[in-house]
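K.L.:
One rule links them: number in the working numbering = place in the sequence shown (from 1) + 130. Even for Gly, the Cβ is constructed at its ideal location relative to N, Cα and C. Before we start, here is the structure in question, set down as structure tokens.
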Amino acid sequence: MTHVSERSSAGSNGAEGGDRQPWSAGSSRSVRKRTVTYADAGVSIHAGERAVELLKSKVKKTTRPEVMGDLGGFAGLFKLDTQKYKSPILASSTDGVGTKLVIAQQLDIHDTIGIDLVAMVVDDLVACGAEPLFLLDYIACGQVVPDKVAEIGAGIADGCRYAGCALLGGETAEHPGVLRPDEYDVSATGVGVVEESEILGAHRVEIGDAVIAMRSSGLHSNGYSLVRHVLLGAGRMRLDTVVEDFGKQRTLGEELLTPTKIYAKDCLGLIEETDVRAFSHVTGGGIPGNLVRILPEHVDAVVDRSSWRPQSIFDLIQAKGRIEDVEMEATFNMGVGMFAIVSSDDADRAMAYLTGRGVEAWQVGEIIEGTGQVQMMGQYTRG
């Protein structure tokens with residue numbers, strides 16, 4: 131998982147037509163008593179290796195039968211079962227977590243941010259009907275602290291288990307001088323597979339289809355630059371502040387670090403149980419900006435805001451920042467992390483299936499004749 135390398139080259143000059151002579155430090159200066167090492171430049175290869183060892187047991191729990199070999203190779207190997215498909219199509223997605231990382235670093239809590247990372251990738255994959263197969267992660271940090279990297283990696287491994295995909299490998303890079311010792315960033319790329327004839331999307335959506343909403347766990351991983359500006363900046367709130375509306379003595383920091391809900395297995399199961407036309411993963415751009423991506427030009431999606439109540443964190447952000455409704459909906463998921471467009475005949479079955487899996491789901495609207503727009507109707511339930 132961790133690989134640190136450095137390339138160096140040395141040129142030499144000689145008289146025209148003459149032999150090139152090797153450069154010698156002793157020829158021009160006194161020999162140093164101590165040589166410079168990679169560690170002197172701020173990079174510890176041993177710390178990276180230690181982080182990998184701490185992660186191995188977690189990573190093994192994400193394995194699938196198709197995974198070949200073990201950690202430590204130059205590339206992860208995955209044997210696709212081509213007999214399972216008539217015309218397999220590979221799907222890929224890459225993403226990060228954004229400035230939610232800042233909250234994790236301020237609180238020194240690092241074991242959930244990896245779940246957010248996996249969610250952002252695999253739930254994009256499943257939106258087209260693809261089963262997530264494997265994921266590769268990248269962790270860049272100012273200083274490799276093995277226990278901290280292991281916490282981050284453990285969260286990534288947990289997310290992969292929840293999604294049913296393998297954590298096939300990755301990279302941990304130490305960037306002294308670029309990032310502060312306590313800073314890090316994460317990204318990941320995932321690969322999935324779907325039968326060509328079963329790809330979901332706008333081409334399947336029809337007038338009369340039902341729009342099913344799946345509740346989010348909170349903010350998920352979008353809008354945190356605005357959150358930090360409004361609550362921690364202008365609002366001068368502290369992360370350890372207990373917010374009564376959150377319940378059970380829950381602090382602001384705990385609420386902001388709530389892991390993103392992973393819907394991959396729920397969506398794949400829903401495909402098996404009902405006639406799913408499309409999924410819309412609600413990330414940056416909010417409900418209108420993501421739902422519009424799965425609408426053909428001749429239909430509109432009607433979304434009834436009064437059918438649900440957004441979590442209290444959205445009320446807090448809007449009140450503290452005096453943010454307009456349209457800005458809130460363009461930035462946050464407002465309590466819905468995934469939409470499923472299903473045949474109207476399967477709406478009740480879809481909601482029953484999701485509820486049985488522990489996913490709060492409800493019919494939020496329908497597909498009508500239109501021009502490829504999202505019509506947000508009514509007002510959110512409050513209080």
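Distance, Cα to Cα, arginine 159 vs proline 306?
P.N.:
What you label residue 159 is simply residue 29 of the sequence shown in a count that begins at 1. What you label residue 306 is simply residue 176 of the sequence shown in a count that begins at 1. Per-residue confidence for arginine 159 stands at a pLDDT of 49, beneath the threshold of 50, marking its modelled position as unreliable; the derived number appears in the next sentence. Straight-line Cα distance between these residues: approximately 29 Å.
K.L.:
How long is the line joining the alpha carbons of arginine 291 and isoleucine 245, rounded to whole angstroms?
P.N.:
Here residue 291 is taken as the residue at index 161 of the sequence shown, counted from 1. Here residue 245 is taken as the residue at index 115 of the sequence shown, counted from 1. When rounded, the distance between both Cα atoms is 10 Å.
K.L.:
Please report the distance separating the alpha-carbon of alanine 280 from that of glycine 299.
P.N.:
Mapped onto the sequence shown, residue 280 falls at position 150. Mapped onto the sequence shown, residue 299 falls at position 169. Those two C-alpha atoms are separated by around 14 Å.
K.L.:
Does alanine 449 pass the burial test, meaning 16 or more other C-beta atoms within 10 Å, or should it be called exposed?
P.N.:
Here the question's residue 449 lines up with position 319 in the sequence shown. Classification of alanine 449: exposed, given that the 10 Å Cβ count is below 16.
K.L.:
Determine the contact status of leucine 255 and serine 217, defining contact as a CB-CB distance below 7 Å.
P.N.:
Numbered from 1 along the sequence shown, position 125 holds the residue referred to as residue 255. Numbered from 1 along the sequence shown, position 87 holds the residue referred to as residue 217. Against a cut-off of 7 Å, the Cβ pair of serine 217 and leucine 255 comes out as no contact.
K.L.:
Buried or exposed for methionine 507, please, with buried defined as at least 16 other CB atoms from any protein chain shown within 10 angstroms of its CB.
P.N.:
Position 377 of the sequence shown, counting from 1, holds the residue named residue 507. Per the 10 Å Cβ criterion, exposed.
K.L.:
Buried or exposed, going by whether 16 or more other CB atoms sit within 10 Å of the CB of isoleucine 417?
P.N.:
The residue you call residue 417 lines up with position 287 of the sequence shown. The residue is buried, with at least 16 neighbouring Cβ atoms inside 10 Å.
K.L.:
Can you find at least 3 beta carbon pairs, one from the stretch 282-297 and one from the stretch 255-273, that sit closer than 8 Å?
P.N.:
Flag = yes, the stretch 282-297 and the stretch 255-273 touch.
K.L.:
When you compare each of Thr485, Arg358, Ser436 and Pro195 to valine 494 by their alpha carbons, which one comes out closest?
P.N.:
The residue you call residue 494 lines up with position 364 of the sequence shown. Comparing Cα-Cα distances from valine 494 to each of Thr485, Arg358, Ser436 and Pro195, the minimum goes to Ser436.
K.L.:
Going along the chain, which residues of its own chain have a beta-carbon closer than 7 Å to the beta-carbon of isoleucine 401, five neighbours each way excluded?
P.N.:
For the purposes of this step, residue 401 is taken as residue 271 along the sequence shown, with counting starting at 1. Within the same chain, isoleucine 401 has close Cβ partners Gly259.
K.L.:
Since I believe valine 227 is in contact with serine 351 (beta carbons under 8 Å), could you give me their beta-carbon distance rounded to a whole number of angstroms?
P.N.:
Within the sequence shown, the letter at position 221 stands for residue 351. Within the sequence shown, the letter at position 97 stands for residue 227. Indeed they touch by this definition, with Cβ atoms about 5 Å apart.
K.L.:
First and last residue of the alpha helix (DSSP H) that includes leucine 356?
P.N.:
Your numbering for residue 356 matches position 226 in the sequence shown. 354-357 is the extent of the alpha helix (DSSP H) around leucine 356.
K.L.:
Buried or exposed for glycine 502, going by 16 or more other Cβ atoms inside 10 Å?
P.N.:
One-based indexing of the sequence shown puts residue 502 at position 372. The residue is exposed, with fewer than 16 neighbouring Cβ atoms inside 10 Å.
K.L.:
In whole angstroms, what separates the C-alpha of isoleucine 498 from that of proline 426?
P.N.:
Locating residue 498 in the sequence shown gives position 368, where the first residue counts as 1. Locating residue 426 in the sequence shown gives position 296, where the first residue counts as 1. In a straight line, the C-alpha of isoleucine 498 is about 11 Å away from that of proline 426.
K.L.:
So, is alanine 205 buried or exposed, given that buried needs 16 or more other C-beta atoms within 10 angstroms?
P.N.:
Taking the sequence shown and counting its residues from 1, one reaches residue 205 at position 75. Alanine 205 comes out exposed.
K.L.:
In or out: serine 187 buried (at least 16 other Cβ within 10 Å) or exposed?
P.N.:
For this step, residue 187 is matched to residue 57 along the sequence shown. Exposed.
K.L.:
Out of Met344, Val274, Glu336 and Asp339, point me to the one whose CA is closest to aspartate 315's CA.
P.N.:
By one-based count along the sequence shown, residue 315 stands at place 185. Nearest of Met344, Val274, Glu336 and Asp339 to aspartate 315, Cα basis: Val274.
K.L.:
What ranges does the alpha helix (DSSP H) occupy inside the stretch 358-392, keeping only unbroken runs of at least 4 residues that lie completely in it?
P.N.:
Runs of the alpha helix (DSSP H) inside the stretch 358-392: 382-386.
K.L.:
By DSSP, does glutamate 499 sit in helix, in strand, or in coil?
P.N.:
Locating residue 499 in the sequence shown gives position 369, where the first residue counts as 1. Correct three-state label for glutamate 499: strand.
K.L.:
Thinking just about the alpha-carbon of each residue, which of Lys391, Thr390 and Arg368 is nearest to the one in leucine 382?
P.N.:
Here residue 382 refers to the residue found at position 252 when the sequence shown is read from its first residue. The option with the nearest alpha carbon to leucine 382 is Arg368.
K.L.:
Should histidine 333 go down as buried or exposed, given a rule of 16 or more other Cβ atoms within 10 Å for buried?
P.N.:
For this step, residue 333 is matched to residue 203 along the sequence shown. Histidine 333 should be labelled exposed.
K.L.:
Name the DSSP beta bridge partners of glutamate 325, please?
P.N.:
Taking the first residue of the sequence shown as 1, we reach residue 325 at position 195. Looking at the DSSP assignment, glutamate 325 forms a beta bridge with Pro218.
K.L.:
Using 8 Å as the Cβ pair cut-off and three pairs as the minimum, do the stretch 480-489 and the stretch 336-354 touch?
P.N.:
Taking 8 Å as the limit for Cβ pairs, the verdict is that the stretch 336-354 does touch the stretch 480-489.
K.L.:
Can you find the residues in the same chain that come closer than 7 Å, C-beta to C-beta, to isoleucine 554, ignoring five residues on each side of it along the sequence?
P.N.:
Residue 554 lies beyond the stretch modelled for the chain, which goes from 131 to 513, so this question has no answer here.
K.L.:
Apply the 10 Å Cβ neighbour rule to histidine 240 and answer buried if 16 or more other Cβ atoms are within range, or exposed otherwise.
P.N.:
Here the question's residue 240 lines up with position 110 in the sequence shown. Label assigned to histidine 240: buried.
K.L.:
Expressed to the nearest angstrom, what Euclidean distance is found between the alpha-carbon atoms of threonine 242 and glycine 500?
P.N.:
Taking the sequence shown and counting its residues from 1, one reaches residue 242 at position 112. Taking the sequence shown and counting its residues from 1, one reaches residue 500 at position 370. Taking the straight line from one Cα to the other gives about 41 Å.
K.L.:
Pick out whichever of Asp405, Gly399, Cys397 and Lys391 has its Cα sitting closest to the Cα of threonine 413.
P.N.:
What you label residue 413 is simply residue 283 of the sequence shown in a count that begins at 1. Nearest C-alpha to threonine 413: Lys391.
K.L.:
Here's the rule I'm using: 16 or more other beta-carbon atoms within 10 Å means buried, otherwise exposed. How should alanine 364 be labelled?
P.N.:
The residue labelled residue 364 in the question sits at position 234 within the sequence shown. It counts as exposed.
K.L.:
Mind checking glycine 199: buried by the 16 CB within 10 Å criterion, or exposed?
P.N.:
On the sequence shown, residue 199 is found 69 positions in, with the first residue counted as 1. Counting Cβ neighbours within 10 Å, glycine 199 comes out exposed, since fewer than 16 surround it.
K.L.:
Rounded to whole angstroms, how far is the Cβ of glycine 348 from the Cβ of glutamine 441, which I believe are closer than 8 Å?
P.N.:
Position 218 of the sequence shown, counting from 1, holds the residue named residue 348. Position 311 of the sequence shown, counting from 1, holds the residue named residue 441. Confirmed, about 6 Å.
K.L.:
If you run the structure through DSSP and keep just helix, strand and coil, what is alanine 470?
P.N.:
By 1-based counting over the sequence shown, the position of residue 470 is 340. Strand at alanine 470.
K.L.:
Straight-line CA distance for serine 474 to leucine 361?
P.N.:
For this step, residue 474 is matched to residue 344 along the sequence shown. For this step, residue 361 is matched to residue 231 along the sequence shown. So the alpha carbons of these two residues sit roughly 41 Å apart.
K.L.:
Quick check on DSSP: helix, strand or coil for cysteine 271?
P.N.:
Sequence index remark: in the sequence shown, residue 271 carries index 141 (1-based). Cysteine 271 falls in the strand class under three-state DSSP.
K.L.:
If you draw a straight line from the alpha carbon of glutamate 183 to that of alanine 287, how long is it in whole angstroms?
P.N.:
The residue given as residue 183 occupies position 53 in the sequence shown. The residue given as residue 287 occupies position 157 in the sequence shown. Whole-angstrom Cα-Cα distance: 14 Å.
K.L.:
In the DSSP assignment, find the alpha helix (DSSP H) that holds arginine 479 and state where it starts and stops.
P.N.:
Within the sequence shown, residue 479 is the residue found at index 349, counting from 1. Run containing arginine 479: 477-486, per the alpha helix (DSSP H) assignment.
K.L.:
Starting from the C-beta of glutamine 509, find all residues in its chain whose C-beta is less than 8 Å away, skip the five residues before and the five after it, and write them out in chain order.
P.N.:
Within the sequence shown, numbered from 1, the residue matching residue 509 stands at position 379. Cβ neighbours of glutamine 509 beyond the five flanking positions: Arg435 and Ser436.
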